[in-house]
Amino acid sequence: KGVTVGLNNESWWGFDTSHVGLGQVLLPLSTPAISSEGGVYLMYYMGGSHDETLLSEFLPGGGIQKDDDTKVKGMKMKIGVALSQDGKSWGRVEGNHHTGACITPFDLAEENGENESSNTNMKEELYCAWPYVVVNESTAQFLLYYSTMEKVGLQKCLSWAVSTDGFAWEKRGVCLRPSSEPDSLDVKGCARCSIVPNAAYDPKIKF
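The numbering of the sequence shown is the numbering used here, which starts it at 3 and goes up by one.
Next up, the structure:
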């Protein structure tokens, strides 16, 4: 039926001026933090800006020549949130980061570096993308899981963050790393997860 959230053409400094991608749409009807809004839709999405990054930063050894200075736009992805009352018309919600994002890669050179490092002992990240959010009804907390790549070692991992309102987040670090088993399905990395709350698991069942 048409574009609901497109490129951010209104804020040149925004994190989502080059490309955007959908993470998840959430309707937290029973969440006390936003119950006064009448049950709004929350869209968590990722985006990249026109800032250029060396391609070699994202490729392991042998993937590209060391003297190759090829640059790409939009690789340092961040996560944002948009709000809607009908699921059709959306408005971006400005996050705490100066780009408008609510989740950004942990980088010691960035303004958020010192705080995140002291809270979670995190390793530096190259991007934050593909968000998936669930609500813990017993604690009224939002739990956000996202894909990332660590700057040192270039390991693709899944990390998570918590929030009381769905807009301001605190990172908790990596929750799932690639397997060390050579024949494992995730030996090359973990990415793009989906969470099933209150799922029943029987270890006797073979998949």
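Glycine included, C-beta positions come from ideal geometry on N, C-alpha and C.
- DSSP, reduced to helix, strand and coil, places E127 within a strand of the structure shown.
- Selection W14, E172, N200 and V95 evaluated against S140 yields N200 as nearest (Cα-Cα).
- Within the model, the alpha-carbon separation for A111 versus V136 is close to 31 Å.
- Looking at the backbone, the Cα of V164 and that of A170 are separated by about 8 Å.
- A straight-line Cα-Cα distance of about 18 Å links P133 and L9.
- F144 and L28 have their C-alpha atoms spaced approximately 11 Å apart.
- Taking all protein chains in view, the Cβ of G41 is surrounded by fewer than 16 other Cβ atoms within 10 Å, so the residue is classified as exposed.
- The three-state secondary structure of L57, taken from DSSP, is helix.
- Per DSSP, W162 is one residue of the beta strand (DSSP E) stretching across K158 to S165.
- Boundaries of the beta strand (DSSP E) harbouring F144: Q143 to E152, taken from the DSSP string.
- Of the residues K173, Y203 and V154, the one whose Cα lies closest to the Cα of E59 is V154.
- With a cut-off of 8 Å on Cβ pairs, the stretch 8 to 22 is in contact with the stretch 48 to 58, counting three or more such pairs.
- For M151 and Y46, the gap between their C-alpha atoms comes out near 19 Å.
- Rounded to the nearest angstrom, the gap between the Cα atoms of W92 and E127 is 29 Å.
- Judged by DSSP in its simplified three-state form, H21 adopts strand.
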